Structures are given as C-alpha cells and as structure tokens.
Amino acid sequence: MSDTTAARFNASELLAVIAARQLHDDTTVFAGVGVPLLAAALAKRRHAPRLTMVIEGGIIGPQIAPGRLPVSTNEMRAAHRATMLPGITDAFLFAQRGFVDVGFMGGAQIDQYGNINTSVLGADYWHPKVRLPGTGGANDIASLCREVIIVTAHEKRRFVERVDFITSPSWLRGDGSRRAAGLLFGGVSRVVTTLGTLGFDPVTRRMRIEAVHPGATVDAIRGNTGFELLEAPEVAATEPPTADELAMLRALDPDRRFLG
Numbered sequence: 001m002s003d004t005t006a007a008r009f010n011a012s013e014l015l016a017v018i019a020a021r022q023l024h025d026d027t028t029v030f031a032g033v034g035v036p037l038l039a040a041a042l043a044k045r046r047h048a049p050r051l052t053m054v055i056e057g058g059i060i061g062p063q064i065a066p067g068r069l070p071v072s073t074n075e076m077r078a079a080h081r082a083t084m085l086p087g088i089t090d091a092f093l094f095a096q097r098g099f100v101d102v103g104f105m106g107g108a109q110i111d112q113y114g115n116i117n118t119s120v121l122g123a124d125y126w127h128p129k130v131r132l133p134g135t136g137g138a139n140d141i142a143s144l145c146r147e148v149i150i151v152t153a154h155e156k157r158r159f160v161e162r163v164d165f166i167t168s169p170s171w172l173r174g175d176g177s178r179r180a181a182g183l184l185f186g187g188v189s190r191v192v193t194t195l196g197t198l199g200f201d202p203v204t205r206r207m208r209i210e211a212v213h214p215g216a217t218v219d220a221i222r223g224n225t226g227f228e229l230l231e232a233p234e235v236a237a238t239e240p241p242t243a244d245e246l247a248m249l250r251a252l253d254p255d256r257r258f259l260g
C-alpha cells in the first residue's frame with residue numbers, strides 16, 4: 001500500500017466499512033455498541049435502507065443520527081426514531097423466535113472454531129488473570145441469531161487455538177457438536193478483522209482465510225493468529241473503502257470515539 005493510500009483511512013475505518021458491507025436490505029441485525037453499531041448505521045444509510053437494527057437495551061429499528069452515535073445500549077440516542085421500544089427481554093425473545101438474521105459481535109478471544117470468550121482470561125475461572133465483562137447478551141446472540149459475524153481487531157492475543165472460556169458458542173469442537181448441544185441453526189459465518197475476512201471450512205468448521213484487506217498479506221494474517229489457518233480455494237482481495245463510504249462513516253462519528 002502506498003503512503004497516499006495508507007493516509008486515506010485507518011484500521012478502525014477499514015474495519016467498519018468492510019463490516020458494513022456484510023449487511024443487506026430486508027434483514028435484521030443485532031448490533032452491539034461500538035464498531036458493530038457504527039457499521040450497521042453506515043450500511044443502513046448507504047446501501048441497505050430497509051435494514052432493521054436491534055439494540056440490546058430493547059430498541060428495534062432506530063435511525064442513528066449522524067454525530068449522535070450512542071455509547072451505551074440504554075441511552076436515548078440509541079432510540080432515535082425507533083420503530084419499537086420493548087423491554088430488553090422482548091428484544092432477546094425476538095431472536096429466540098427466529099426474527100433476527102445477523103448478530104454482530106466482538107470478543108476478547110476467538111478460537112479456530114469461532115467460539116468467543118468475553119468472561120475470563122486464564123485457566124482458572126474462579127481465580128482468573130483478568131476478569132472480563134462477561135456475557136451480557138452475547139451468548140443469546142451467538143445461540144439464537146441465524147448467522148453471526150465477528151468484528152474485531154486482528155491480534156495474536158485474540159486469536160487463540162482454544163479459548164479460556166466459551167462465553168458464546170460457535171462450532172464448539174467442529175465435529176457436529178454445535179447441533180449435538182441443541183443449537184440447531186446459526187453459528188459464526190465470518191470474522192471480519194483489520195487484516196482480512198475469515199470464514200470456516202464447511203466440513204471441519206475450522207477457520208480459514210477468505211479475503212485479504214488492502215495493505216495486508218496472507219503471511220501477515222497468519223503471523224497475527226495463534227493457530228494454523230486454512231485457506232479458501234480462492235482468497236479474494238478486499239476492495240478498499242471508497243471516498244463515499246468514508247465520508248458517511250466519519251459523519252456518523254465526528255468525535256472519533258470509535259474511529260480513533
């Protein structure tokens with residue numbers, strides 16, 4: 001990547017734009033605060049006007065106003081022109097009933113089968129090295145949405161062979177164990193990172209490289225992952241963010257709380 005191109009966007013902007021491209025019209029997305037919500041708001045404003053956002057605090061179908069991106073799932077900016085304001089329990093019941101297509105998630109640790117840890121770092125749950133925020137609604141999203149997309153920075157400490165604790169299940173052990181556990185649909189379909197897009201082998205359910213972002217390489221992705229990655233039959237090159245995408249994105253977060 002040339003210096004001129006590199007100056008056009010930072011890693012957070014790249015991540016938000018590529019994540020936004022995963023969302024489409026006439027679908028519903030359960031989006032958490034931060035880059036996932038920023039990406040969902042960008043998708044709705046730019047190419048998916050009929051996208052319905054669901055926010056954990058009990059907000060359905062908000063219209064996120066530029067410059068007023070919420071920093072919590074429970075503040076009123078998150079409910080701007082919302083279609084519905086049910087209770088938080090009802091928001092998760094919609095997912096349980098099959099009404100939520102996509103869950104947008106992050107995680108402190110992600111393993112080769114897409115399982116997510118946001119609970120503890122360290123082998124001993126009761127005496128961990130670090131106590132993380134916990135599940136919140138993350139387990140519900142991972143278990144009940146028809147598809148889950150992880151949005152995260154690509155760091156070796158995040159991508160580990162085996163998570164210390166499974167807060168949110170994906171393909172578990174990759175041997176049909178998700179279905180055996182009673183989770184009959186869903187699972188993580190893609191992991192969008194600052195370096196590339198990762199998917200999962202349809203047979204083994206192990207994580208694989210499917211696309212490389214501008215400025216990154218397959219070797220860089222492997223070097224920042226704590227386990228061996230497979231490769232898709234064809235590894236695509238991600239189109240860089242356009243000026244239009246970046247302008248809309250920056251208007252949503254002018255204070256750069258999430259864009260850095």
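Going letter by letter, the sequence shown gives residues 1 to 260 in this note's numbering. We treat Cβ as the ideally placed atom computed from N, Cα and C, and that holds for glycine. Nothing here was measured: the structure is a model prediction, and the numbers come from that model.
For my contact list, residue i and residue j are in at a C-beta cut-off of 8 Å; report their separation, rounded to the angstrom.
{"i": "M105", "j": "V160", "result": "Not quite, the Cβ-Cβ distance comes to about 16 Å (not below 8 Å), so this is no contact."}
{"i": "P202", "j": "N115", "result": "That pair is no contact at about 18 Å."}
{"i": "Y113", "j": "L172", "result": "6 Å"}
{"i": "T83", "j": "I55", "result": "Actually they do not touch by this definition, with Cβ atoms about 12 Å apart."}
{"i": "R222", "j": "G174", "result": "19 Å between Cβ atoms; not a contact."}
{"i": "G122", "j": "V130", "result": "7 Å"}
Going by the beta-carbon positions, is the gap between residue i and residue j smaller than 8 Å?
{"i": "G186", "j": "C145", "result": "yes"}
{"i": "L252", "j": "L69", "result": "yes"}
{"i": "R208", "j": "T197", "result": "no"}
{"i": "A211", "j": "T167", "result": "no"}
{"i": "T118", "j": "P128", "result": "no"}
{"i": "T152", "j": "G103", "result": "no"}
{"i": "V275", "j": "F165", "result": "Residue coverage of the chain in this structure runs from 1 to 260, which leaves residue 275 outside it and unanswerable."}
{"i": "V290", "j": "D111", "result": "There is no way to answer for residue 290, as the model of the chain reaches only from 1 to 260."}
{"i": "A48", "j": "L85", "result": "no"}
{"i": "I141", "j": "F30", "result": "yes"}
{"i": "V192", "j": "A19", "result": "yes"}
{"i": "D25", "j": "R45", "result": "no"}
Using three-state DSSP, classify residue i as helix, strand or coil.
{"i": "I116", "result": "strand"}
{"i": "S2", "result": "Annotation note: pLDDT 39 at S2 (below 50); position unreliable, coordinate value reported separately. Note: S2 maps to coil in three-state DSSP."}
{"i": "L150", "result": "The sequence shown places Ile at residue 150, not Leu. Reduced to three states, the DSSP call for I150 is strand."}
{"i": "G226", "result": "strand"}
{"i": "G196", "result": "strand"}
{"i": "R50", "result": "coil"}
{"i": "I64", "result": "coil"}
{"i": "S168", "result": "strand"}
{"i": "A216", "result": "coil"}
{"i": "R131", "result": "strand"}
{"i": "A19", "result": "helix"}
{"i": "Y92", "result": "Just to set this straight, residue 92 is Phe in the shown sequence, not Tyr. DSSP places F92 in helix when its eight states are reduced to three."}
{"i": "V71", "result": "coil"}
Using the DSSP secondary-structure output, state which residues sit across from residue i in a beta bridge.
{"i": "Q282", "result": "There is simply no residue 282 to check, as the chain begins at 1 and stops at 260 in what is shown."}
{"i": "E231", "result": "I209"}
{"i": "V191", "result": "I150 and L198"}
{"i": "T28", "result": "T52"}
{"i": "A237", "result": "V212"}
{"i": "F141", "result": "Note that residue 141 is Ile in the sequence shown, not Phe. I141 pairs with nothing; no bridge assigned."}
Between residue i and chain D, is any beta-carbon pair separated by less than 8 Å?
{"i": "L93", "result": "The structure shown contains no chain D; it is built from a single protein chain."}
Any chance the region 35-42 sits against the region 12-20, with 3 or more Cβ pairs inside 8 Å? Touching, per the Cβ criterion.
Sufficient close CB pairs (3 or more, under 8 Å) joining the region 212-232 to the region 58-66: no
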